[in-house]
Amino acid sequence: MLQVLTNAISNSQRPLTKLSAEPVMGREKAEIVLKDLLTTLGEEEPRLSTLGLKANSVHRMMIISTLMMSHIPGMSLFSTALRLKYKKCTATEMSYLTDKWNSVPHSRRLAVSYAAQLFGTIKNQACAHFSTPVMLFHATLTMWLYAALNIPPADMTVISERRSVVLSTLGPDDPEQFRWIESGRGCVKIPGVGNLLSSSACPRRLLDEAISLMRTLNHWGISRIYGQILSALCVE
111 MLQVLTNAIS NSQRPLTKLS AEPVMGREKA EIVLKDLLTT LGEEEPRLST LGLKANSVHR
171 MMIISTLMMS HIPGMSLFST ALRLKYKKCT ATEMSYLTDK WNSVPHSRRL AVSYAAQLFG
231 TIKNQACAHF STPVMLFHAT LTMWLYAALN IPPADMTVIS ERRSVVLSTL GPDDPEQFRW
291 IESGRGCVKI PGVGNLLSSS ACPRRLLDEA ISLMRTLNHW GISRIYGQIL SALCVE
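Each residue of the sequence shown is one higher than the one before, starting from 111 at the first, in this note's numbering.
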C-alpha cells in the first residue's frame, strides 16, 4: 500500500507521455492518505514492541520523505546544489532557479518542514534501513537549497523577523510550524544548526551535522558516498 501511494506522488511529478499508464490514485488523494497513515503510525508507537518500533520508524520516514519530495520543484537537488556551490549558473539561469523555487512558497516551506522532521527523526532514532542515507541526503539538500534560493515575504516586518520557529520532529502538525508555513514570517531554526537563513549557520553547520549523522549510517556503503558529496559542498 505504501509503495502504491509513493508511486502515485512520484508519477505525478513526471512528464506525461502517450505511453504513460493511468495513475491508480491522484496526487492530492495520495497525500491525504499518507498524512492519515502517518498520524496512525504515530498513535500506534507507544504500544509497539522493539521490532515493531523499528518497522514503524522506517514507514514513518518513508512517508515523510515522500511528502517532502512532493513539495519541491521539478529539479535535481544534487545537480542544482553543485551548480550553486561552484557558481556554474549564469545570471539568467540563477534567476530561473530562484523563480522556480519561489513559485509556490507555501509548498517549499512545507517541504522544508518535512525535511527538518525527517532529519530529526533519523537523528533521534537508530534505525537501520538501506533507504535511510538517501532520505537524509535529500532532506539535507532540501534545507540547503531553501537557504540558498528562498526569497522572504516582501512585507516581512522587523517584529516578525524576531519571532523564532523551531522546525522539530513534530513537522507541519506543530502549530508554530503551521503558522510559519502559512506566512513565511519568522526566524527559522533547526535543532543543532541554528538559524537556517543565517549565513554563519547555513550551509556549513547544516552540512556538518548531516555529515556526522551520515557517518552513523556507515553499515550502508552508500552513506560514505553521500558523506563525501556533502563534504564537497562544505569546501570554501
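All C-beta atoms in this analysis are idealised placements derived from N, C-alpha and C, irrespective of residue type, glycine included.
| Check | Outcome |
| --- | --- |
| Can you grab the Cα-Cα spacing for the pair C344 / A249, in whole Å? | 16 Å |
| Leaving out the 5 sequence neighbours to the left and right, which residues in its chain are closer than 6 Å to A320 when beta-carbon positions are compared? | T250 and L340 |
| When you compare the region 211 to 222 with the region 276 to 292, are there three or more beta-carbon pairs, one atom per stretch, that lie closer than 8 Å? | yes |
| By DSSP, does G296 sit in helix, in strand, or in coil? | coil |
| Alpha carbons only, please: which of V214, L177 and T202 is nearest the one belonging to T116? | L177 |
| I'd like to check one pair, I182 with L323: are the Cβ atoms closer than 9 Å? | no |
| At 4 residues or longer, and completely inside the region 131 to 158: list those alpha helix (DSSP H) runs for me, N to C. | 137 to 154 |
| Along the chain, which unbroken stretches of the alpha helix (DSSP H) at least 4 residues long are found entirely within the region 211 to 249? | 215 to 234 |
| Going by beta-carbon coordinates alone, are L246 and Y336 separated by less than 9 Å? | yes |
| Is it buried or exposed for P285, if we count other Cβ within 10 angstroms and need 16 for buried? | exposed |
| Which same chain residues, not among the five before or five after A191, have their C-beta less than 7 Å away from its C-beta? | L251, W254, L255 and L343 |
| What is the residue span of the beta strand (DSSP E) that V303 lies within? | Looking at the DSSP string, V303 is not in any beta strand (DSSP E), and its letter there is neither H nor E. |
| Quick one: what does DSSP say S278 is sitting in, helix, strand or coil? | coil |
| Pick out whichever of I173, T160 and R193 has its Cα sitting closest to the Cα of A118. | I173 |
| Where L144 and S180 are concerned, what is the direct C-alpha to C-alpha distance, given to the nearest angstrom? | 12 Å |
| Among the candidates P313, P243 and L259, whose CA atom is the shortest distance from the CA of L327? | P243 |
| What is the DSSP secondary structure of M179, reduced to helix, strand or coil? | helix |
| State the DSSP-derived secondary structure class of M253, mapped to helix, strand or coil. | helix |
| On the premise that R295 lies in contact with P263, defined as a C-beta separation below 8 Å, what is that separation, rounded to the nearest angstrom? | 6 Å |
| Among L147, R137 and E138, which residue has its Cα nearest to the Cα of M111? | L147 |
| Whose CA, out of L277, H239, L259 and I332, lies closest to the CA of W211? | L259 |
| Using the Cβ count rule (16 or more neighbours within 10 Å means buried), how would you classify V268? | Confidence at V268 is low in this model, with a pLDDT of 46, below 50, so its placement is unreliable and no value can be given for it. |
| Considering only the alpha carbon of each residue, which of M171, S308, A140 and G136 lies closest to N234? | M171 |
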